[in-house]
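Engineer: Going by UniProt numbering, the first residue of the sequence shown is number 1, and it counts up by one from there.
Think of the CB as a built atom: it goes at the ideal place given N, C-alpha and C, for glycine as much as any other residue.
Note that the structure is predicted; figures quoted are calculated from it, not measured.
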Amino acid sequence: MKPALLVTGAGGFLGRSVLPALEEHYRVLRIASPRGALEGPDVFRADLADPAAAQSLAEAVAEALGGARVEALVHLAAALCPPGGARDMGVYHANQALTLGALRLTQTLAPAHVVNFSSLAVYPVRDGLFTEDSPVDPSGNTEGLYGLAKFDSEALFNFHLGRSSTVTNLRLTQAYGPGMQPDRLVALLAGEWRETGRVTLFGRGERVSNFVHARDVARGLAAVLDAPRAGTFNMGCARNLSYLEVGRLVLSALGAGEEALVLEERGIRARAAISTARFEEAFATRLEEVDFSYLADEALP
Numbered sequence: 001m002k003p004a005l006l007v008t009g010a011g012g013f014l015g016r017s018v019l020p021a022l023e024e025h026y027r028v029l030r031i032a033s034p035r036g037a038l039e040g041p042d043v044f045r046a047d048l049a050d051p052a053a054a055q056s057l058a059e060a061v062a063e064a065l066g067g068a069r070v071e072a073l074v075h076l077a078a079a080l081c082p083p084g085g086a087r088d089m090g091v092y093h094a095n096q097a098l099t100l101g102a103l104r105l106t107q108t109l110a111p112a113h114v115v116n117f118s119s120l121a122v123y124p125v126r127d128g129l130f131t132e133d134s135p136v137d138p139s140g141n142t143e144g145l146y147g148l149a150k151f152d153s154e155a156l157f158n159f160h161l162g163r164s165s166t167v168t169n170l171r172l173t174q175a176y177g178p179g180m181q182p183d184r185l186v187a188l189l190a191g192e193w194r195e196t197g198r199v200t201l202f203g204r205g206e207r208v209s210n211f212v213h214a215r216d217v218a219r220g221l222a223a224v225l226d227a228p229r230a231g232t233f234n235m236g237c238a239r240n241l242s243y244l245e246v247g248r249l250v251l252s253a254l255g256a257g258e259e260a261l262v263l264e265e266r267g268i269r270a271r272a273a274i275s276t277a278r279f280e281e282a283f284a285t286r287l288e289e290v291d292f293s294y295l296a297d298e299a300l301p
């Protein structure tokens, strides 16, 4: 019998991207929003942010398992900042509610291992190389309320479950790949080129960040589940990229030349690189895929 893996946010971009790769080794039970379109066996549609719904969900999962234990809970559910909503307190409260809902699941299901997807937004957007020992300062991030909620989630899982489950907090960098959200950087650049024939980079594209392909997120998660370790780890590509490099890669994937680049003076220029060395050492896995070729297929009519 395959061990049971319970995943929140299964209908989102990352859930759709990473879970198929895990089905060979796990019975994957998916929790999806009641507003989503995800259907199938072992799919549970519920509002995780609603306390009563979360409790009913936990009971339904327990019944479906028939006494078998949940080997791991993977908390992927998140409420991303909408365009122009970086200062919307609703972002903080929505993510806090999702974390509390996931904690309610653990109270009933007692998973052996919890993988909590946090975010690089816990770090400020400033020059430097950020390791897990760097000061946390979401107030210096462009998505500070989201980052604060994610840092809170790390503390809450550690506090409530640190003695009963192995808790792994993964500070995920900027994930991209087929089916990603249209308001994230890579999709925005590709969308602008399709509409206008241009790609605009603010701060002349000098800003540096970390971008991880969804396939590598799947590889990384599989490595974590294979050999669980408690702690907090940056999860991203071994190679940091400037926004100028990303813009060039996007254009190359779309079959366009660099003459389409528009470099705006105004904008953020911080070189905020992320170190993934601790993750690589702990899980013997190096994530280094840089592949935007899927954009060409998405551009087809």
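Rounded to whole angstroms, what is the Cα-Cα separation between residue 127 and residue 55?
Structural biologist: Straight-line Cα distance between these residues: approximately 44 angstroms.
Engineer: Taking residue 298 as the reference, which of 272, 250, 19 and 275 has the closest Cα?
Structural biologist: Of the listed residues, the one whose Cα sits closest to residue 298 is 250.
Engineer: Consult DSSP for residue 272 and reduce its assignment to one of helix, strand or coil.
Structural biologist: Strand at residue 272.
Engineer: Between the beta-carbon of residue 167 and the beta-carbon of residue 114, is there less than 7 angstroms?
Structural biologist: Yes, they are a contact pair.
Engineer: Take the Cβ of residue 2 as the centre, count every other Cβ of all protein chains shown within 10 Å, and call the residue buried at 16 or more, exposed below.
Structural biologist: Burial call: exposed.
Engineer: Residue 193 and residue 287 - do their beta-carbons sit closer together than 7 angstroms?
Structural biologist: No; because the gap between Cβ atoms is not below 7 angstroms, this pair is not in contact.
Engineer: Below 8 angstroms on the Cβ atoms is my guess for residue 276 versus residue 231; work out the distance and round it to an integer in Å.
Structural biologist: At roughly 14 angstroms, the Cβ-Cβ gap does not stay under 8 angstroms, so residue 276 and residue 231 are not in contact.
Engineer: Using the Cα positions of residue 130 and residue 274, report the straight-line distance between them to the nearest angstrom.
Structural biologist: Going from the Cα of residue 130 to the Cα of residue 274 covers about 5 angstroms.
Engineer: Is it buried or exposed for residue 25, if we count other Cβ within 10 angstroms and need 16 for buried?
Structural biologist: Under this definition residue 25 is an exposed residue.
Engineer: Nearest to residue 233 by CA position, among 256, 119 and 203, is which residue?
Structural biologist: Out of 256, 119 and 203, 119 has the C-alpha closest to the C-alpha of residue 233.
Engineer: At a Cβ threshold of 7 angstroms, is residue 29 touching chain D?
Structural biologist: Of the chains in the structure shown, none is chain D; there is only one protein chain.
Engineer: What are the uninterrupted segments assigned as alpha helix (DSSP H) that are 4 or more residues long and contained completely in the segment 81-151, given in chain order?
Structural biologist: With a minimum length of 4 residues, the continuous alpha helix (DSSP H) runs that stay inside the segment 81-151 are 89-109.
Engineer: Quick check: the Cα distance between residue 86 and residue 147, rounded to an integer number of angstroms?
Structural biologist: In a straight line, the C-alpha of residue 86 is about 10 angstroms away from that of residue 147.
Engineer: Tell me which same chain residues have a C-beta within less than 8 angstroms of the C-beta of residue 296, skipping the five on either side of it?
Structural biologist: Excluding sequence neighbours, residue 296 sits near 253, 254 and 255.
Engineer: Report the three-state DSSP secondary structure of residue 3 (helix, strand or coil).
Structural biologist: Three-state result, residue 3: coil.
Engineer: Quick check on the burial criterion: 16 or more other C-beta atoms within 10 angstroms. Buried or exposed for residue 144?
Structural biologist: Buried, because 16 or more other Cβ atoms sit within 10 Å of the Cβ of residue 144.
Engineer: Does the Cβ of residue 229 lie closer than 6 angstroms to at least one heavy atom of the ligand FAD?
Structural biologist: With respect to the ligand FAD, the structure offers nothing, as it holds no ligand at all.
Engineer: To the nearest angstrom, how far is the alpha carbon of residue 181 from that of residue 156?
Structural biologist: Approximately 27 angstroms between the Cα atoms of the pair.
Engineer: Secondary structure at residue 301, three-state DSSP: helix, strand or coil?
Structural biologist: With a pLDDT of 48 at residue 301, under the threshold of 50, the modelled position of that residue is not reliable, and no figure is offered here.
Engineer: Taking the CB atoms as reference points, tell me whether residue 18 and residue 30 lie closer together than 7 angstroms.
Structural biologist: Not a contact, by the Cβ cut-off of 7 angstroms.
Engineer: How many Å lie between residue 107 and residue 160 at the Cα?
Structural biologist: The straight-line gap from Cα to Cα measures roughly 9 angstroms.
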